[in-house]
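Chemist:
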Amino acid sequence: MNAGFWWGSVLLINVPVVICATLGVRLLVPESMDPARPNLDPGGVLLSVAGLSLLVFGVIRAGQTASWA
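For the sequence shown, the numbering used here assigns the number 5 to the initial residue and increments by one for each residue that follows.
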């Protein structure tokens, strides 16, 4: 292990990836011109948040108890 690097520096690879992705989206994805675009679905948002929360909780809990099987 090289003591000259901060451990968080490995996360800096995300900076150019995000910049490239943002530029790609701005250049390649067309703007929606649909005047009747659908509204936000609150029920779907709540179900998504609940499902993802339960999934994360399960992964954390399984890691704490080491009972993946």
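The beta carbon of each residue, even a glycine, is placed where N, CA and C say it ideally should be.
Model, not experiment: these values are computed from the prediction.
For Leu50, I'd like the list of residues in its chain whose CB is within less than 7 Å of its CB, leaving aside the five on either flank, ordered along the chain.
Modeler: Working through the sequence shown from its first residue, we reach residue 50 at position 46. Around Leu50: no qualifying Cβ.
Chemist: How many angstroms separate the CA atom of Gly67 from the CA atom of Leu58?
Modeler: In the sequence shown, residue 67 corresponds to position 63, counting from 1. In the sequence shown, residue 58 corresponds to position 54, counting from 1. If I take the Cα positions, the gap works out to 14 Å.
Chemist: Under DSSP, the alpha helix (DSSP H) around Ile23 begins and ends at which residues?
Modeler: Here residue 23 is taken as the residue at index 19 of the sequence shown, counted from 1. Segment 18 to 32, the alpha helix (DSSP H) holding Ile23.
Chemist: May I ask you to report which of helix, strand or coil DSSP gives Arg41?
Modeler: As a first step, residue 41 must be located in the sequence shown, where it is residue number 37. Of the three classes helix, strand and coil, the one that applies to Arg41 here is coil, per DSSP.
Chemist: Go ahead and pull the three-state DSSP assignment for Ser13.
Modeler: In the sequence shown, residue 13 corresponds to position 9, counting from 1. Three-state DSSP puts Ser13 in a helix.
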